[in-house]
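As structure tokens, the structure follows; a few thoughts come after it.
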Amino acid sequence: MNIGVDYYPEHWDESRWPVDAKLMREAGITFVRLAEFSWCKLEPTEGNYDFSWLDRALAVLHKEGIKSVLGTPTATPPAWLHERYPEIYPADAKKYRLGFGTRLQRCLNNEDMRRYSRLITETMAKHYAKNPAVAGWQTDNEFEGNLCYCETCAAKFREWLREKYGSLEALNEAWGTIFWSQEYSGWSQIPLPWEVKCGKSHNPSLQLDYRRFASESTVSFQHEQVEILRANAPEQFITHNMMGLHDSVDYFELGKDLDFVSWDNYPAGFWIQGEPTRSDLAHDVIRGIKGRNFWVMEEQSGITGWETMSRRPVPGQIRLWSWQAIAQGADLVQYFRWRSCLFGTEQYWHGILNHDGVPRRRYREIKGFSEELASLSAELDGSSPENSVAILNSYEQNWAFQIQPQAKGLLWWDQVRRYHDALGRAGVGTDVVPMGADLSKYRLVILPGWYLLRERDAEKLGAYVKAGGVLVVSARTGVKNELNTCRTEPLPGPIADLAGVEVDDYDPLGDATCPVTLADGTSLSASVWADALVPKGAETVASYAGGCFPGEAAVTRNETGKGSCWYFGTAGDAAFYDSLLSRVLEDSSIEPYRGLPPNVAAKYRVRNGATWLFLLNLGSAEASVPVHKGAKHLLGPEAEGDTVRLPAYGVAIYRI
Amino acid sequence: MNIGVDYYPEHWDESRWPVDAKLMREAGITFVRLAEFSWCKLEPTEGNYDFSWLDRALAVLHKEGIKSVLGTPTATPPAWLHERYPEIYPADAKKYRLGFGTRLQRCLNNEDMRRYSRLITETMAKHYAKNPAVAGWQTDNEFEGNLCYCETCAAKFREWLREKYGSLEALNEAWGTIFWSQEYSGWSQIPLPWEVKCGKSHNPSLQLDYRRFASESTVSFQHEQVEILRANAPEQFITHNMMGLHDSVDYFELGKDLDFVSWDNYPAGFWIQGEPTRSDLAHDVIRGIKGRNFWVMEEQSGITGWETMSRRPVPGQIRLWSWQAIAQGADLVQYFRWRSCLFGTEQYWHGILNHDGVPRRRYREIKGFSEELASLSAELDGSSPENSVAILNSYEQNWAFQIQPQAKGLLWWDQVRRYHDALGRAGVGTDVVPMGADLSKYRLVILPGWYLLRERDAEKLGAYVKAGGVLVVSARTGVKNELNTCRTEPLPGPIADLAGVEVDDYDPLGDATCPVTLADGTSLSASVWADALVPKGAETVASYAGGCFPGEAAVTRNETGKGSCWYFGTAGDAAFYDSLLSRVLEDSSIEPYRGLPPNVAAKYRVRNGATWLFLLNLGSAEASVPVHKGAKHLLGPEAEGDTVRLPAYGVAIYRI
Amino acid sequence: MNIGVDYYPEHWDESRWPVDAKLMREAGITFVRLAEFSWCKLEPTEGNYDFSWLDRALAVLHKEGIKSVLGTPTATPPAWLHERYPEIYPADAKKYRLGFGTRLQRCLNNEDMRRYSRLITETMAKHYAKNPAVAGWQTDNEFEGNLCYCETCAAKFREWLREKYGSLEALNEAWGTIFWSQEYSGWSQIPLPWEVKCGKSHNPSLQLDYRRFASESTVSFQHEQVEILRANAPEQFITHNMMGLHDSVDYFELGKDLDFVSWDNYPAGFWIQGEPTRSDLAHDVIRGIKGRNFWVMEEQSGITGWETMSRRPVPGQIRLWSWQAIAQGADLVQYFRWRSCLFGTEQYWHGILNHDGVPRRRYREIKGFSEELASLSAELDGSSPENSVAILNSYEQNWAFQIQPQAKGLLWWDQVRRYHDALGRAGVGTDVVPMGADLSKYRLVILPGWYLLRERDAEKLGAYVKAGGVLVVSARTGVKNELNTCRTEPLPGPIADLAGVEVDDYDPLGDATCPVTLADGTSLSASVWADALVPKGAETVASYAGGCFPGEAAVTRNETGKGSCWYFGTAGDAAFYDSLLSRVLEDSSIEPYRGLPPNVAAKYRVRNGATWLFLLNLGSAEASVPVHKGAKHLLGPEAEGDTVRLPAYGVAIYRI
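Chains as they are written, first to last, in the numbering used here: chain A, 4 to 659; chain B, 4 to 659; chain C, 4 to 659.
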């Protein structure tokens, strides 16, 4: 359990470094990440490397007991490289070249980009492999899918397709290019999804393959760096700073090459103000990438923003977010950044210190958290979250819904969040795992609309249910095969038997609502989508009461083997999920956290039978939370009787 | 009276064709349209034609008694053609080439595009001229004006201008290029309306000529196909599927080459949800193109949408829309499409069947309609709507208002709809005809803002009124001449004498409102535009009561010869038009349908003195409609006394 | 004191000219501006000049006693020039060339553009230098900063940078290009702020230098014309028609070369409807450019708009706006334009006459104003506004806030207007002057957020206060240096001692609000921005009462020498400013106009001790205004007792 900070010695006069290092140590900081945007200083002109400044910075920090994570600096190639190889610049969907001046101005498929990236990575790895101040590596920075539209990408995409489909005949058949007379008679005829007469409405199969190709381009770019680092610096770890719910690259694939994953958490960043449960989901998503604990490589340390700023984090929020990260499986929280930059695009992405370098309120808050964490480190070290519910996650499904959103509210994270939020309100911890995960350890598995359903996955889920699991299947599951073309069986396709239903009709509700009733008379409100279900063995749990399909089944439950499969033919508001999931949890023999008030999260870490409970008040009002009498108080307000009063943004920790 | 379906045999395994054909026959389908997007299958590589699959498909269908309409497949040129002639791709207003991947990716002025289009058309025509399964042809698909900005278009536009104006001096004079120093001293200096420093605010005369040129480019492209079809397949009819209120090509000109016109009707398509009167207007507009009955070539048969879907048609709506089409002059209703496509951009543009190919609710609804239609076909065959009110329609006016919208609410269809909706609410059938139509058969003619007014048209309208007609002239009439430059006479220009008024001032109201009162004290609310009128012989019907021109005349009536000319110097809400048009109808001796409730349309077809009344409940609530006692009930709920209760989306038909 | 009109003889048949000239004279018009868009008629083909038509037009006008201002016609280069030198066309941020068809289609850095501009200017100057009908010159038309992205601009920008910084090392250091690895190792690597991967989020220092460069490009373009005019037509004045609150070119710099400045005033133009105080501010801004009286070169004379029109000016508004201009320092009001153009983009930018050329309502209103003005001309000639309050204005600050808006409501004119409007409501006249102005004549100086604060300016302000002045400093002052990089001192940087405060934290409120209380218990509402202030000698005037910084200081006052410095750490609504500024005015011994009702402006002109009071009712309701008993009534309604009742849009003038 450590805290760290992202530090840019190259932004400051060398005389300031010892001052900073001392202030860091005094705040309890033991890790820094450096160098990920410093290529032009490490290699000021082609082939002339200068690592001396970084050597000195590492030494200054190490002297204060601080270890370093080095970023390979490939997210911002230097100007001299672009001048020599202008085709490194990526192109947009109208073929305009996005040039120099910000960052990420590189196509990861460009061979010159790759060659120079390998060179700087290898040179750095050799130089720092034995440096005791260096703990490990971060590849590049915040990788995205290589959504570039340059001719190099076009050529490589065609190669990739030839590899995948073997022949044009097979590709034409797979994509259904007969639609709108698009059959290709030569590989060179295949376009990228450039802007066309009808916007961007290319063939959906082409679009999905392009998204896969763009993701794989990034994964293979990282793979080259990982191979070099493993070969040259075998004793140092390798991680990458992901972006939570970002989705342009398949994080499961990107994570495979890493020792552990990290992510960058901006809970009140300027584009996501007021969504306290977004980071909650993101922590679980990131923990699910490798199914183990992770680092927060960048944690919000103040106001964020480029040209326009977010609101200031309220006092206590930074501490709260830090404990939230720990509670959900972080083993290190590293703040971005040490001191607010004086120049460049991110002048107002505030660090722990303001531009004036004076320790003020946020420094004191983080120092306080650091002391709290240190006091519990021995207690918590080696623990991690363990849950009996899993939501299945897939980047390919995510892309398919982006390509065809179908109805408002069906986007992948919209679907996942409705379930995850409801489980959070019930105080039930949730893993977010890939289809390939071992499901046998879960009592409940939730399948958001698994749009592209392979037969083998349907079979796997069937086996899970038969063995006693409870499965929730959502509308829009099984609509398509993995080619992004529609299936010809009645919906929900290969999972219809397991669910025991047939979809006879459907209505894309979007924002419209439709009343639904349960057998006990409970009235709920459905929206987003409505399947009209014909039970084929399943029992009807909820029916439409007026609106789109009066009297027809909306939610069903089908027993199979030792388990059961629920089919949610529609979606709804919080009350809809709270009501239905309480029945599903009961069916799964999972106990919710009774009496948990709104905006309070209950999270658990476990180690060898010991369990720690974290109560996190994400809201701006005081909350009273029931606590088990035998719980041992470790941090935060003490319980009065069986209730603890958590102040706004308050945290309490118990061992139970 | 027939029903049909749009069918894509090339999208399905050949073994399915007989199944589909049988299901079609059982639903009463006797027509299909095919092949309009199949160029790549008809000519897989240059010059290698393969019609065998289409021959077989036609035979399978014909065996079930189904006749075919063949589309010339030029809306989606194949990839091999574009690869050889990349200049076929059209350019946008920033000269970006819109390439391969959707449809309409062709410039109709490109000579290679034209040559290959003639070739495929001629080859098909020769092959199918004597095939008894082929009833006729559809040219291309949903033609639009060739709003392309490529250099070929620029060159042809300059030729077109040289042809029109003779000399640069004449063009400079006509357009007023002296404004902003734009006089051309060489033809090659004339631009297309490419994006410029001030957005797209080119000289309005240039813009209008470009719109005319773009429309004529499309008309002449079709003309080449029509000539080939007439020469090679003289016994088969030729039509084209227009798009209702679409306006980028002059449908009057496009229609001249056709035997009859067709159109594609999506009343609840995803971009026009909840506008039940839009199809009502569109049917009348389309019938007015050639002044006779028409086909619906594509009628909505389910949920529509590409990436995002519309709501599902409510049960009963497809039947209602089908009867609405018949009531307003359709002789065939053909559904788009048979079965929802498994692949490509239009996967969610639903056919009668879902992707699974199982006949479900919509199949049954359409089959039911087909049986109803069959039962009345002998009764209705040969009948058509006949009306005593005409609204004048013009694509050139439409373009001029697009180029200069002037005030919110003045766009052409906005203006037309306000009158058309009010006449619909009064149960008065309306034709929508060109200025060149024979007006003598109408008792009332309505002129929306006829912005570009030619003297000869003003004279024609004068003669109409003098002979006893009633004419309604709207604000913004006579502002300009046909060059899209302003007239120098006081407004309303050449029609001022006929209207007996002079416009002394005006105020572009847009959404703002202004109270208006009639002589009898009725208070109304004006908006959109306000002319301050000085009567020069006309009587004042309505005056502004406060607001922009307190006490000044807003609506006038001027008797001339045996008729009268009303001038509407302002526009307003439904109550405004209902109140004023009731007086205009009285002046025209036209009887409204008294007691017609909101959202119920009353339409008539006539043949040799016999009249059929169609009552269509476009609303979602039951409605009580008065019916003449002597009316003979043919379909739908029977009247109780002199009233019939129409359920939501219900239809009733009577002979009167 | 004169009135004039903008006239385009080239748009009308020569036979109409005498009719127009006579109507002008009858309306009291004594000036016209001509020729600024007539290059293609003055030089129809390269080198072939034809001034004969303009000579005749000047003569016709001069015969009626009308003098002319000639525009150099360089805002609309002719088509032949572009055809020969297509690189004159400017490029947008994606390098698309903005071509022919509207206006301003020229890059002012292009050498061919400059050469031909010099030539036409020199030829005109020589031809008209001695023409008695010509009073002076207008350079070009409505200059904007040359925000062009062409390669010529890129090359010249690099030269400009080399001149400014001397070396790449210095530039890299100044801009902080080490951020995101952007250090340049060659001048040719420096981009313009073209669109890049992250939108337009280039380095803020690069962006600011580009804005400076773009402004200087325009200033130097004008300078070439001014030099030629001075050399060849030394007896004629030179002015330019600025655009009020436009800000892409530094008007202080542009104004330096001119004899006096002019501006174009469209108070109810289509993009600014309903902002009566906007012109009020703009008049003061323009008068501040050279610190002396000015001309209105274009005054709204009717409905404006290109494709869409504004509402009509209400009767009385044109007269009101004309008197408003005079009251705030205009010596001539010239209406745009004489007669509405029949063709071209500005057909609906209405002149005094409509398209029909018949004098109607607006002609009569302007004629009436002209007679009123003539009756008071002897009285008012030579007078001008003199004020004891100054708001400091800066184009460089303005650009910096555009580059980084930071929080909603911080844009430069937003900040200036909040103060200016409040002073206007208090009836206190205000100058708007540059930092270089002589401040000693002001009792109160207001500094909006002076984001980029130079030490020498901080010192100047300190000296002003010490000498007895009252200074108001706003939040975000002193954040940066002139390089647009952040300062390292605690905020407010170099002015902290003068203000006697330190900013310990801040919160970008934007639209959010925060309660504030004054010592006397007054409750106010803050928004936009909140600084948490630690007084270092200053007294606390207002504190936050809950919200972001409960109990901390929000507004302070610090006495220094004979004066005082107020620091406004937050902004707010009208009540906020009215309440606080009343205290500041008292501190400055400035008497407000007590009892001035909302929407009524009180303005003063002064000459040799005599003072004229203008009361302007900018609102649409009658208002009662207290008037000093001794005031001598000159125009408008007479006072009853000590109160005058001003009708809507009414004007009253008194000598006091």
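Ideal Cβ placement from N, Cα and C applies to all residues, glycine included.
Nearest-angstrom beta carbon gap, residue j and residue i [assumed within contact, 8 Å]
i: residue 37 (chain C); j: residue 10 (chain C); result: 6 Å
i: residue 481 (chain C); j: residue 456 (chain C); result: 4 Å
i: residue 184 (chain B); j: residue 140 (chain C); result: Wrong, their Cβ atoms sit about 18 Å apart, outside the cutoff.
i: residue 487 (chain B); j: residue 207 (chain B); result: 5 Å
i: residue 535 (chain C); j: residue 512 (chain C); result: Not really, about 12 Å apart at Cβ, beyond 8 Å.
i: residue 546 (chain B); j: residue 556 (chain B); result: 6 Å
i: residue 642 (chain B); j: residue 649 (chain B); result: About 10 Å separates the two Cβ atoms, so there is no contact after all.
Cross-strand partners of residue i (DSSP beta bridge)
i: residue 209 (chain A); result: The partner list for residue 209 (chain A) (beta bridge, DSSP) is empty, contrary to what the question assumes.
i: residue 608 (chain B); result: B:615
i: residue 530 (chain B); result: B:516 and B:574
i: residue 244 (chain C); result: C:265
Interface residues of chain D facing residue i [CB-CB closer than 7 Å]
i: residue 423 (chain C); result: No chain D appears in the structure shown, which is made up of the protein chains A, B and C.
- Item | Minimum length 4: unbroken alpha helix (DSSP H) runs contained in the segment 431 to 505 of chain A | 458 to 469 and 499 to 502
- Message: Quick check for students: name the residue ranges of the alpha helix (DSSP H) that lie wholly in the segment 402 to 429 of chain C, counting only runs of 4 or more.
- Response: 415 to 428
- Query: Along the segment 447 to 472 of chain A, what residues have a CB closer than 8 Å to any CB found in chain B?
  - Reply: none
- Query: Between the segment 427 to 446 of chain C and the segment 366 to 380 of chain C, are three or more C-beta pairs nearer than 8 Å?
  - Reply: no
- Query: Counting pairs of beta carbons, one from the segment 188 to 204 of chain A and one from the segment 85 to 105 of chain A, are three or more of them closer than 8 Å?
  - Reply: yes
- Quick one: any contact between the segment 462 to 470 of chain B and the segment 420 to 430 of chain B, if contact means 3 or more CB pairs under 8 Å? no
- Would you be able to state if there are at least three C-beta pairs under 8 Å between the segment 210 to 220 of chain B and the segment 72 to 91 of chain C? no
- Task: Could you please tell me which residues of the segment 306 to 325 of chain C, in chain order, have their CB closer than 9 Å to any CB of chain B?
- Result: 306, 308, 309, 310, 311, 312, 313, 314, 315 and 317
- Which residues, in order along the segment 163 to 185 of chain C, keep a beta-carbon less than 7 Å from a beta-carbon of chain A? 178, 179, 181, 182, 183, 184 and 185
- Note down, one range per segment and in chain order, each alpha helix (DSSP H) of at least 4 residues found wholly within the segment 137 to 177 of chain C. 154 to 168
- Item | At least three beta-carbon pairs within less than 8 Å, the segment 344 to 362 of chain A to the segment 168 to 185 of chain C | yes
- Message: Using a Cβ distance threshold of 8 Å, determine whether the segment 335 to 342 of chain B contacts the segment 23 to 39 of chain B, with at least three qualifying pairs required.
- Response: yes
- Item | Residues of the segment 134 to 146 of chain C whose Cβ lies closer than 7 Å to any Cβ of chain B, in chain order | none
- Query: At a cut of 8 Å, does the segment 610 to 625 of chain C reach the segment 384 to 396 of chain C through at least three beta carbon pairs?
  - Reply: yes
- Query: Curious, which full-length alpha helix (DSSP H) runs of at least 4 residues does the segment 294 to 374 of chain B contain?
  - Reply: 320 to 330
- Could you say if the segment 133 to 147 of chain A and the segment 55 to 74 of chain A meet the contact criterion of at least three C-beta pairs nearer than 8 Å? yes
- Message: Tell me which residues of the segment 611 to 626 of chain A have at least one Cβ-Cβ distance to chain C shorter than 8 Å, keeping chain order.
- Response: none
- Task: Return the residues of the segment 405 to 416 of chain A that lie within a Cβ-Cβ distance of less than 9 Å from chain C, sorted by chain order.
- Result: none
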